[in-house]
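Let me begin by presenting the structure, written as structure tokens, before commenting on it.
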Amino acid sequence: MTQYEPQERTGGEALVEQLIVEGVTDIFGIPGVQLDWAVEAIRERGDRLRFVVPRHEQATSYMADGYARTTGKEAVCMVVPGPGMLNALSGISTAYACNARVLFLVGQIPSDTIGKGYGMLHELPDQSGMLKKLVKWHAIAEKAEDFPALVNEAFAQLRSGRPRPVAIELPTDLLQARAVSALLPPAPYAPTKPDTGLIGEAAALLANARFPVIQSGGGVLASDGGEALRALAERLQAPVVMSENGRGTLDDRHPLALTALGGRSVLPHADVVLVAGSRFLDGHAHPINASAGTKYIYLNVEPNDWEAPRLPGLSILGDARLGLEALLAALPADLDRADVSEKVALVKDWIKLQTGAIQPQTDFVAALRGTMADDDILVSELTQVGYFSNIGYPVHSARAFITPGYQGTLGYGFNTALGAAHGNPGKRVVSLNGDGGFSWGLQELATAARENYDLSVVVFVDGYYGNVRRIQNRVFGKEIGVKLTNPDFELLAKAYGLHTQAVDSPEGLRDALQAAKDRGGPALIQVAVGVMPSPWALIHPFVPSMVPVPPNPLGEPEAA
3 MTQYEPQERT
13 GGEALVEQLI
23 VEGVTDIFGI
33 PGVQLDWAVE
43 AIRERGDRLR
53 FVVPRHEQAT
63 SYMADGYART
73 TGKEAVCMVV
83 PGPGMLNALS
93 GISTAYACNA
103 RVLFLVGQIP
113 SDTIGKGYGM
123 LHELPDQSGM
133 LKKLVKWHAI
143 AEKAEDFPAL
153 VNEAFAQLRS
163 GRPRPVAIEL
173 PTDLLQARAV
183 SALLPPAPYA
193 PTKPDTGLIG
203 EAAALLANAR
213 FPVIQSGGGV
223 LASDGGEALR
233 ALAERLQAPV
243 VMSENGRGTL
253 DDRHPLALTA
263 LGGRSVLPHA
273 DVVLVAGSRF
283 LDGHAHPINA
293 SAGTKYIYLN
303 VEPNDWEAPR
313 LPGLSILGDA
323 RLGLEALLAA
333 LPADLDRADV
343 SEKVALVKDW
353 IKLQTGAIQP
363 QTDFVAALRG
373 TMADDDILVS
383 ELTQVGYFSN
393 IGYPVHSARA
403 FITPGYQGTL
413 GYGFNTALGA
423 AHGNPGKRVV
433 SLNGDGGFSW
443 GLQELATAAR
453 ENYDLSVVVF
463 VDGYYGNVRR
473 IQNRVFGKEI
483 GVKLTNPDFE
493 LLAKAYGLHT
503 QAVDSPEGLR
513 DALQAAKDRG
523 GPALIQVAVG
533 VMPSPWALIH
543 PFVPSMVPVP
553 PNPLGEPEAA
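Each residue of the sequence shown is one higher than the one before, starting from 3 at the first, in this note's numbering.
Here it is as structure tokens:
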């Protein structure tokens with residue numbers, strides 16, 4: 003009998019066997035009574051599946067997000083219905099914002115009681131309605147034999163179109179029921195191919211441009227389009243402006259690589275802008291427009307991302323990597339472009355001058371970078387050094403810098419770093435945290451200790467929700483609800499059996515990080531800090547009133 007021939011199984015077994023067919027090796031989840039028959043099937047297939055159990059449902063989805071975004075693989079998380087699902091939705095919303103391929107398995111009450119309002123354990127009014135609004139695709143099993151086809155379709159959705167979370171609800175009675183079911187071959191990868199005619203038009207615009215610029219977003223990263231981006235940029239001699247979620251698609255050391263801050267310098271002078279896999283909006287939902295007369299080319303698998311308020315342009319529906327490769331192939335063979343590296347170097351020098359003036363963040367980031375290999379992974383957070391890292395931390399490898407994107411989920415970082423560490427055992431992962439956000443998931447020190455992850459957890463401690471405090475005082479001249487009562491973080495880490503160290507300077511952080519890396523395994527490093535200058539004027543560079551005047555890369559640099 004082959005694995006695809008029909009046979010009798012429980013619904014839970016059918017679910018798990020199809021997950022294995024699709025290539026799943028890890029499931030992040032917390033067991034509970036509605037999931038018993040799925041969990042038992044996972045136990046039976048312990049030779050092929052690892053069930054990773056954190057201490058809170060929120061961590062299941064964040065770990066899956068970190069795993070998916072740093073490995074490029076699909077990730078699976080599983081929770082009980084009702085409160086379990088609600089606890090995990092913050093991680094799912096972050097995965098949705100950041101183009102993560104996550105399959106969210108959600109338990110459900112018995113199928114004959116759904117929607118009846120009987121008060122079943124963990125019952126929610128219209129759980130399905132809540133869930134389907136937060137994922138790309140949703141289904142609920144109606145029969146025990148449905149599970150293989152539903153899992154297969156979930157992976158077909160994950161492997162086509164825009165990568166975003168999908169969800170399947172698992173009624174508990176159907177997981178237990180026995181039925182004859184047939185497994186299906188794994189869903190193929192089916193990236194959207196761009197229209198060749200539109201590619202030809204776009205290539206002609208780029209070939210004839212005086213000063214083309216490429217805006218690269220998270221879609222290029224999600225499609226593994228970094229090599230195609232590099233080759234096209236070099237052929238066109240086009241500066242590449244990487245969005246926050248697109249950083250790492252081009253090594254920051256590359257002569258054409260720029261952060262969003264560099265975009266303020268090059269975009270106003272571009273006559274053609276290729277927007278690849280980017281929403282092309284600033285942090286205030288304003289369109290990132292270049293200048294009057296600029297022509298725009300939008301390459302995106304999501305049509306909404308070239309609609310208003312963005313200016314009209316040539317719009318190409320397609321996978322970012324396939325589109326970039328096609329554009330490169332369509333350029334004239336005799337295209338000869340002048341080297342612009344010296345012009346971009348002016349911009350890089352200006353960026354270094356602006357970021358270098360923000361202390362102590364610059365020195366803390368230098369301490370981080372100096373102890374990490376090119377492909378080690380930094381998981382940022384909503385803390386002052388984390389904010390600054392969006393523009394000031396040099397990223398040298400794809401999938402090596404993780405943020406919460408536009409979702410801005412405080413407290414996501416440590417949990418997400420756990421998933422990154424699980425999926426990348428050969429790399430060191432560094433988790434940046436403030437004492438506020440870290441406290442939302444500090445119980446997961448137990449997970450780091452149990453799994454012995456190669457993870458450095460850095461907690462900057464000032465005793466406040468620092469950014470909230472800054473805004474309150476700036477706007478109202480007073481503050482409320484921002485003072486923190488912290489545990490002794492060193493003592494807490496020791497309680498979990500972790501190595502720990504307390505420092506109060508960039509030099510101390512550098513030495514502590516190096517020692518933790520040399521030792522291996524998990525470590526918590528507490529960094530005592532005071533009030534830091536705000537980096538926001540540089541983080542949102544497309545709000546003209548907030549930033550210094552950038553240089554003109556086509557002429558003499560202007561005074562800052």
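Using N, Cα and C, we set each Cβ at its ideal position, and we do this for glycine too. In this text the structure is predicted, and so the values were computed from the model without any measurement.
Short of 6 Å from the beta carbon of VAL268, and not among the five residues preceding or following it, lie these beta carbons of its own chain, in chain order: VAL215, PRO241, PRO555.
Taking one beta carbon from each stretch, the region 92-112 and the region 58-72 have 3 or more pairs nearer than 8 Å; the two touch. Shown here, LEU283 sits in a strand according to DSSP, grouped into three states. Excluding its 5 nearest sequence neighbours in each direction, PRO396 has C-beta neighbours in its own chain below 6 Å: ASP254, ARG371, listed in chain order. The beta carbon of GLU59 sits closer than 7 Å to those of ILE32, VAL81, GLY86, ASN89, ALA90, all from its chain and outside the five residues before and after it, given in chain order.
Between LEU276 and ILE299, the C-beta spacing is below 7 Å. Scanning its chain for C-beta atoms nearer than 6 Å, with the 5 sequence neighbours on each side dropped, one finds around LEU185 the residues GLN5, TYR6, GLU19, GLN20, VAL23, PRO150, in chain order.
Exclusion of the five residues before and after GLY407 leaves THR96, ALA99, CYS100, GLY220, GLU246, ASN247 as the residues of its chain whose Cβ lies within less than 8 Å of its Cβ. C-alpha of MET534 to C-alpha of PHE478: approximately 19 Å in a straight line. Closest in alpha carbon position to ALA141, among GLY109, PHE403, ARG164, GLN239, is GLY109. A Cβ-Cβ distance of about 6 Å is found for the pair GLY394 and THR364, placing them in contact under the 8 Å criterion.
Within its own chain, the residues whose Cβ lies closer than 8 Å to the Cβ of TYR69, once the five positions on either side in sequence are excluded, are ASP28, PHE30, LYS75, ALA77, GLY421, ALA422, HIS424, GLY425, listed in chain order.
For VAL431, the beta-bridge partners assigned by DSSP are ILE379, LEU457. Per DSSP, TRP442 lies in no beta strand (DSSP E) and is assigned neither H nor E.
Looking at the backbone, the Cα of SER218 and that of THR251 are separated by about 8 Å. If only complete runs of 4 or more residues are kept, the region 274-352 shows the alpha helix (DSSP H) at 322-332, in order along the chain. Per DSSP, the continuous beta strand (DSSP E) segment holding GLN503 begins and ends at 501-505. Taking ALA16 as the centre and dropping the five residues before and after it, the same chain places the C-beta of ALA146, GLU147, PHE149, PRO150, ALA181, SER183, LEU185 closer than 8 Å to its C-beta, in chain order. As DSSP reads the structure, SER218 sits in a beta bridge with MET244, ALA278. The C-alpha of ILE482 is placed about 49 Å away from the C-alpha of ASP175. Exclusion of the five residues before and after ARG166 leaves TYR98, LYS138 as the residues of its chain whose Cβ lies within less than 6 Å of its Cβ. Closest option to LEU540, judged by alpha-carbon separation, among VAL551, TRP442, GLY532: VAL551. Within the same chain, Cβ atoms closer than 6 Å to the Cβ of LEU526 are found at VAL459, ALA495, LEU500, THR502, the five residues on either side in sequence being excluded.
DSSP places MET80 in the strand class (E or B) of the three-state scheme.
Distance from the Cα of SER391 is smallest, within the candidate group TYR191, GLY119, SER433, ALA530, for SER433. Checking the DSSP bridge columns, you'll see ILE22 has no partner listed. The DSSP assignment places complete beta strand (DSSP E) segments of no fewer than 3 residues inside the region 174-223 at 180-183, 214-218, in order along the chain. The beta carbon of GLY295 sits closer than 8 Å to the beta carbons of ASP273 from its chain, once the five residues preceding and following it are set aside; these are given in chain order.
Scanning its chain for C-beta atoms nearer than 7 Å, with the 5 sequence neighbours on each side dropped, one finds around THR115 the residues MET122, in chain order. In this structure, the alpha-carbon of LEU380 lies about 19 Å from that of THR449.
A residue is called buried when at least 16 other Cβ atoms come within 10 angstroms of its Cβ; SER92 meets this threshold and is buried. According to the DSSP secondary-structure assignment, LYS485 is paired through a beta bridge with TYR466. Only residues of its own chain outside the window of five on either side were considered, and among them PRO214, LEU238, ALA240, VAL274, LEU276, ILE299, LEU329, LEU333 have a CB closer than 8 Å to the CB of LEU208, listed in chain order. Here LEU370 carries a helix assignment [DSSP, helix/strand/coil]. Within the model, the alpha-carbon separation for TYR466 versus VAL484 is close to 5 Å. HIS140 carries a strand assignment under DSSP once its states are collapsed to helix, strand and coil.
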